[in-house]
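Asker: Sharing a structure, written as structure tokens. Questions coming.
In this note's numbering, the protein residues as written are 3 to 1097.
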């Protein structure tokens, strides 16, 4: 729940707490209309007033707010409302049925006020199977455990309830957030999972230690309770669930993530502890498998929802965090980007986390028989990552177009992540406390700003892209909103919203979608016993599309919707079919269900049918380990050059394959590269003394070619090293001659003074003399990103000596990341195509054996282009290119309205080049760096911006003034990976599937993967060594695309290869074909290609 970019500044505040507390609507018409309490009769106000004895310092979750439950509590067919109160009593409102929006307060008569405790989450369940919904309320905050005992209100069927938590064994005295009822062991009754949270003592960085992961405490850890004939038994210890003191559970989602028919759990944890993903073992226990299924998660995870976002039949996952988007809000909550402390968390056994909302797209099973779901995180691509201090995520089809939209509640009354507050108020009060002076807590609290913000609504545009329609759809009133539900309160077919607010009346928002009667279909399971209904899965098929929903009522944050499932049909007059899969394993089928109908099915004895085909890896691609492990030495480039966006020392391994059966895998610093020979159907190491002797070099890339025209393949290896001194001998390329299978370093074959931190290497006969020359692209000047030394073209004398003879060309191309020799203009001479980071993809034409950058043709806008693949995918005779770029699933794309830029110079007399990254919002250009990190790199600037408020409003021009004119400016106007064709001297852009934008693309390979005779495509990439606030960009697992026969590509699946893939090579022998994948600091992979014709 707490801000990570300022998390380690915020730890100061955590310590301070401990110190103090010890001892589509119509045009111009909003779709949602907020109704007044005088109209609805709902006057519930979760009013919170702090006192010296009880406040946000004493209890860190003071302003987490309350929940909402919606269900038919009196069985009259109208949904009623229940609100939990923290310092105020709960409220139960009966829907009178007059309009659907008129309610009667029956709390006193019902006996559910719970005024003696701090109420949090609420669940509805028919716990005694009598056909009437009961109410279960979680509690927290109180020091007295008796006041923390959760409450179970049994429905007496006469609008009164009797509290019976002790009789059922559900009077848990822990610090509880929420409870879910579900039949985890499939024995026909509803069991209970109680989500609990720890206390402030374990919130700070000092508690992020391995031994605390093993420390158990039933007051803090979550509990699993098995229903044993109506009495609940605690089976946590034997369930496989984690129940330690670091668990700050704020959200729980129940879903069948691996679609095996058994319910799984996802737990959102606040603070340092990672989230948990529990896969049901079908034997009464769970396996925690977050690391196996997810690349990374939200850091301060709050509310969540599991739903099929992209209509592929697999449940996806939304988790919320606290990252703002507007520049001023972002800067006011962003402290030092402390990579060392982030790394310390990882080293101490915590998982990869980033402070932003996440949309985890379910990619199916890791393998057909594994039962392990895999997810790709693409919330930034989706456009939902930055919604500030967010609580409830609800995925539902609010405009009934057949796509699930996302509603997010927002706001917090005491913003103790505010940098002004942390660095001045807290610092001063801490100093006073340590010197023995008294501290007035209420004065400290009064200085905390409040975040009253509008809630968010995102419309699903398809392809997992969302547009922010908050204002258009009526989210215009700033609030402090927490728990929320969607419900068809007036039974007109569309979904209305109900929100529990802090210090304001609850919000009831009517959905005014016009003429919805022919655009929805409902499936009502609420009249069935809870054990029969909860966990049912419904699939609606319309026009070749499928929508899926699961009946798990608890969703969002501290809230519950025990309601019919609503499906939008768009303009369809009917659903082709509806299938309900019951928890018992049987199914109910309907055909031709007209729009506007409500189905009320009951379980039948029809056997369940198979799910939609698993979205796994390609059937005929077997990914195995290659006998080489790339082993990086540990480096922190962020210490070496301030304000780098990502590290430059983790670029390998490159790969090279020869036509006569050799493979070279590039080594890291102090690791010799590996040479391998394909023999007997496998790759066999072929150790070479010359390679071992050069282990000190860090290989950047390699190429096999016949350097000396003796008929065999020689090997050129180029070197890199971001933290080496420019001109270092360890930056020299090396040529190894093939002497009958013995490889010897060719002394003197290359210019002695040649030293550059290289990127790509390419062999071509530039001058047409029959001998292959060499182009070496300069990747980056050591320690001076984004500068680069000159790239070089070395001419071969025909005998394998690469002498300049005044012909070596110094090519000022910038940071070259990819190079391909091709002949786009068909003149018979090889031209050079190069990709550049902070540059363009350029075509350098061969002019009499030479290349002039001034004569280059730009084929793309500027971007962070990371690699190139050339081919003729549509077989039209033109050169086609796949141009790898940063993609759109990152903070640069999420924050900026118009691309991104970088200014680089040794500003203000700095000893190193300082790269200043910027983005654009509403026509203004702002620095990406927070105040603390910018001033740590450039201390003289601090005097101009003595507080965080002035810095937050400052543009890059305000901060640097005339200094900017001394800097080199680079831009990235395009971040998309591109597919283009060179025709008539210009680039023609083709579309790639959206998945190509999920992560940076560094490498690509084409081959016929499915036996249809056309070259398909594999894309690899990712950047995981990034600044903390940027976060890991790792959503590419080796993406496979099939060629449609005319040069168009469709996404098929992925290879399930995680990490930073830096090279893909095709190895061919007479009877064998392999794809080799080089992954940084990991084992090289080999994938045998054995294509069979597509039927």
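Note that beta-carbon positions come from the ideal geometry of N, C-alpha and C, so glycine has one too. The structure displayed is predicted, hence computed values, not measured ones.
#1: Hey, could you find the ends of the alpha helix (DSSP H) residue 341 is sitting in?
#2: Could you spell out the range, first to last residue, of the alpha helix (DSSP H) harbouring residue 329?
#3: Could you tell me whether any non-hydrogen atom of the ligand MN is closer than 7 Å to the CB of residue 577?
#4: Excluding sequence positions up to five away, which residues of its chain have a Cβ less than 8 Å from the Cβ of residue 447?
#5: Is the beta carbon of residue 344 less than 8 Å from the beta carbon of residue 1030?
#6: Should the region 238-247 be regarded as contacting the region 377-385, the criterion being three or more beta carbon pairs within less than 8 Å?
#7: Could you give the uninterrupted runs of the beta strand (DSSP E) lying entirely in the region 397-481, keeping only those of 3 residues or more?
#8: Pairing CB atoms from the region 759-773 with CB atoms from the region 671-683, are three or more of them under 8 Å?
#9: Straight-line CA distance for residue 237 to residue 1087?
#10: Which residues does DSSP pair with residue 385 in a beta bridge?
#11: Are the region 821-840 and the region 754-769 in contact at 8 Å, needing three or more beta carbon pairs?
#12: What first and last residue would you give for the alpha helix (DSSP H) that runs through residue 693?
#13: Would the beta-carbon of residue 918 fall within 8 Å of that of residue 929?
#14: Is it buried or exposed for residue 293, if we count other Cβ within 10 angstroms and need 16 for buried?
#15: Does residue 727 come out as helix, strand or coil in the three-state DSSP assignment?
#16: Which same chain residues, not among the five before or five after residue 784, have their C-beta less than 8 Å away from its C-beta?
#17: Please confirm whether residue 890 and residue 999 have their CB atoms less than 8 Å apart.
#18: For residue 866 and residue 892, I'd like the C-alpha separation in whole angstroms.
#19: Does the structure place the region 654-665 close enough to the region 708-724 that three or more beta carbon pairs sit under 8 Å?
#20: Tell me whether the beta-carbon of residue 2 lies closer than 8 Å to the beta-carbon of residue 977.
#21: Kindly provide the ranges of any alpha helix (DSSP H) runs that are 4 or more residues long and lie completely inside the region 233-317, ordered along the chain.
#22: Can you give me the start and stop residues for the alpha helix (DSSP H) that residue 951 sits inside?
#23: At which residues does the beta strand (DSSP E) containing residue 822 begin and terminate?
#24: Using a Cβ-Cβ cutoff of less than 8 Å, which residues in the same chain neighbour residue 1061 once the five nearest sequence positions on both sides are dropped?
#25: Cutting at 8 Å between CB atoms, please list the residues of its own chain near residue 827, excluding the five before and the five after it.
#26: Do residue 335 and residue 299 come within 8 Å of each other at the CB atom, strictly closer than that value?
#27: Got a sec, what are the start and stop residues for the beta strand (DSSP E) residue 148 sits in?
#28: In or out: residue 148 buried (at least 16 other Cβ within 10 Å) or exposed?
#29: Return the CA-CA distance between residue 503 and residue 65, expressed in angstroms with no decimal places.
#30: Of the choices 682, 684, 689, whose alpha-carbon is the least far from that of residue 673?
#31: What would DSSP say about residue 922, mapped onto helix, strand or coil?
#32: Residue 89 and residue 76 - do their beta-carbons sit closer together than 8 Å?
#33: Using 8 Å as the threshold, is the C-beta distance between residue 140 and residue 500 below it?
#34: With 16 as the cutoff for other CB atoms within 10 Å, does residue 808 come out buried or exposed?
#35: Under 8 Å by Cβ, that's how I've got residue 817 and residue 782 pegged, so tell me the actual separation to the nearest angstrom.
#36: Taking residue 703 as the reference, give the member of 668, 1019, 872 with the closest Cα.
Answerer: On the basis of the supplied data:
#1: 341-349
#2: Secondary structure note for residue 329: its alpha helix (DSSP H) is the uninterrupted segment 329-334.
#3: For the structure depicted, the ligand MN is absent and the ligand set is empty, with no information on it obtainable.
#4: 52, 57, 58, 59, 416, listed in sequence order.
#5: yes
#6: no
#7: 407-412, 458-464, 467-470
#8: no
#9: Distance between the alpha carbons of residue 237 and residue 1087 is about 42 Å.
#10: Residue 385 is not bridged to any residue.
#11: Pairwise C-beta distances place the region 821-840 in contact with the region 754-769, as three or more of them are shorter than 8 Å.
#12: 691-695
#13: yes
#14: exposed
#15: coil
#16: 723, 724, 725, 726, 727, 728, 730, 733, 759
#17: yes
#18: 13 Å
#19: yes
#20: Any answer about residue 2 is impossible in this case: the structure gives the chain only from 3 up to 1097.
#21: Correct list: 238-241, 292-295.
#22: 950-955
#23: 817-824
#24: 1024, 1026, 1036, 1081, 1082, 1083, 1084
#25: 833, 847, 987
#26: Contact: no.
#27: Per DSSP, residue 148 belongs to no beta strand (DSSP E); it is in the alpha helix (DSSP H), 147-150.
#28: Its Cβ having fewer than 16 others within 10 Å, residue 148 is exposed.
#29: 10 Å
#30: Nearest in C-alpha terms to residue 673, of all of 682, 684, 689, is 689.
#31: strand
#32: no
#33: no
#34: Note that residue 808 has pLDDT 45, beneath the 50 cutoff, so the model's placement of it is unreliable and the number below is only indicative. Residue 808 should be labelled exposed.
#35: 5 Å
#36: Ranking 668, 1019, 872 by Cα distance to residue 703 puts 668 first.
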